[in-house]
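Participant:
Protein chains in written order, with full-length UniProt numbering: chain A, 1 to 260; chain B, 1 to 260.
1) Return the first residue and the last residue of the beta strand (DSSP E) that residue 84 of chain B is part of.
2) Please report the residue range of the beta strand (DSSP E) in which residue 110 of chain A lies.
3) Given a cut-off of 8 Å, decide if residue 143 of chain B and residue 97 of chain B are closer than it, judged by their beta-carbon atoms.
4) Along chain B, which residues have their Cβ under 7 Å away from the Cβ of residue 88 of chain A?
5) Quick check: the Cα distance between residue 222 of chain A and residue 204 of chain A, rounded to an integer number of angstroms?
6) Within 10 angstroms of its Cβ, does residue 61 of chain A collect 16 or more other Cβ (buried), or is it exposed?
7) So, helix, strand or coil for residue 163 of chain B, using DSSP?
8) How long is the line joining the alpha carbons of residue 254 of chain A and residue 192 of chain A, rounded to whole angstroms?
9) Measure from the alpha carbon of residue 30 of chain A to the alpha carbon of each residue in A:95, A:137 and A:10, then state which is nearest.
10) Please confirm whether residue 79 of chain B and residue 147 of chain B have their CB atoms less than 8 Å apart.
11) Determine which residues share a DSSP beta bridge with residue 98 of chain B and list them.
12) Can you give the Cα-Cα distance for residue 175 of chain B and residue 145 of chain A, rounded to whole angstroms?
13) Sorted by chain position, which residues of the same chain lie with C-beta nearer than 6 Å to residue 23 of chain B's C-beta, five sequence neighbours on each side aside?
14) Residues bridged to residue 27 of chain B by DSSP?
15) Whole angstroms are fine: how far does the CA of residue 252 of chain A sit from the CA of residue 187 of chain A?
16) Which residues does DSSP pair with residue 8 of chain A in a beta bridge?
17) Out of A:154, A:48 and A:5, point me to the one whose CA is closest to residue 110 of chain A's CA.
18) Is the shortest distance between the beta-carbon of residue 80 of chain A and the beta-carbons of chain B less than 8 Å?
19) Would you say residue 142 of chain B lies against chain A (beta-carbon separation less than 8 Å)?
20) Residue 53 of chain B CB to nearest chain A CB: under 8 Å?
21) So, is the C-beta of residue 76 of chain B closer than 8 Å to a C-beta in chain E?
22) Measuring straight from C-alpha to C-alpha, what distance separates residue 196 of chain A and residue 220 of chain A?
23) Please list, in chain order, the chain A residues whose beta carbon lies closer than 7 Å to that of residue 98 of chain B.
24) Can a CB atom of chain A be found closer than 8 Å to the CB of residue 68 of chain B?
25) Which same chain residues end up closer than 6 Å to residue 240 of chain B when comparing Cβ atoms and leaving out the 5 residues on each side of it in sequence?
26) Among B:165, B:47, B:150 and B:167, which has the Cα closest to the Cα of residue 159 of chain B?
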């Protein structure tokens, strides 16, 4: 029997921070047919709340150093403000959303990143997705909305990269479902020419990816994202789509589809 | 067939604000047998975060006026910081907790309080508990942890009194379960003499309540709480217990039990 389909949609700061973009995205998401999960980051909102509270945001290599105070801000902003507002707005669109961290229903277990050269603080690396628990919620008719927080099983919340949560969730859920990831971001997709927003590469697979890499076509910033994608595909995820939010509608086919 | 038992436990600011009291409470709660729900307020933490963010807390008759900025703080502190830390700590105690506002799984629907003499702002009066949704979570093996936030079904979160959430939840759940409320607070129970902490009235029912009222024995501050209790009992709740957290253990029988 073929597996049922599941869509996992990830949105980033650009959408969360813009009320009208968020509204339009949630409308599109609510219209997406079939079972689905939403994952969101928190974006600059955490930085601005931290700053108002007199907590300095420290970034190393584009990653936030999460000390105890910063973790509190992240828990407030991602787990509270952003997550609960998205849930309430989805409810208004007749989506029976339920907001979660990885601690809720013990859905995502992670370990505090070991200190090597850099101490990232309370940052978690995902170790296990409890796909059965997530599926209980889906089977009960709920649409899980995950924020970028996990837990270590010993009472400690951990700040966790939202892209990683998305791909690990997708890998976990692919045991039960035919899983597609939609990474919504600022660009229309992976671009052949970073200066031409319409130069979307519509399909990438393992073979064409090697060629693109050899030819140096993939922009530096896109490499970790794509590596992450192929990792998820090798571990059971069916398809990964990258593009702007309109790729979730049937009108737009101008985005990047990645398969093995 | 007799209904299965369900305990709904409410804790207030005095426990949430004290790490060692909270730890000890969560240990007791985790040992409580059978199906259960936790409800928590937020206490002074919201006031202190608001103050750091430069938002003035306005109280009228002991109730917080919730303007848009204050609602954001409440959503951050109750829905994020307090709720998610409790959930993570319960997970560490092998309780499969899931943190909720009334928007999550559409569990508690409320209406913005109409403006009469006072505009309370984004404060909600509970109109409907979706007991089926709460029960889906319980039946799936999860322990719901509610914070004091509900929603109006149109995308608006609303600050809602935690005692009211508790009694309304209990009334809703009593359709399915034989429901007992445990209101944990600073006192050992309802006191005969407000200056003697050991003068606990161990049992109150409708008849003895009338007598206590006539004799002027019930302290002013306790009246709304008790009215609320009898209201819940008249609407299906089986028993309401008032006391300190140790009433949840079998060792302490020095608390107030209220029945019809």
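From the three backbone atoms N, C-alpha and C, an ideal C-beta is built for every residue, glycine too.
Facilitator: Here's the rundown:
1) Where residue 84 of chain B is concerned, there is no enclosing beta strand (DSSP E), although the alpha helix (DSSP H) it sits in stretches over 83-92.
2) 108-112
3) The answer is yes: Cβ separation under 8 Å.
4) 103, 151, 155, 156 and 157
5) 13 Å
6) Classification for residue 61 of chain A: exposed.
7) helix
8) 13 Å
9) Here the closest residue by C-alpha is A:95.
10) yes
11) According to DSSP, residue 98 of chain B shares a beta bridge with B:144.
12) 29 Å
13) none
14) In the DSSP output, where bridge partners are listed per residue, residue 27 of chain B has none listed.
15) Residue 187 of chain A and residue 252 of chain A: Cα-Cα distance of roughly 13 Å.
16) A:37 and A:181
17) Measuring from the Cα of residue 110 of chain A, the nearest candidate turns out to be A:154.
18) It does: the Cβ of residue 80 of chain A has a partner Cβ on chain B nearer than 8 Å.
19) It does; some Cβ of chain A falls within 8 Å.
20) yes
21) Chain labels in this structure do not include chain E; the protein chains are A and B.
22) Put simply, the backbone Cα of residue 196 of chain A is about 16 Å away from that of residue 220 of chain A.
23) 104 and 105
24) no
25) 181, 229 and 258
26) B:150
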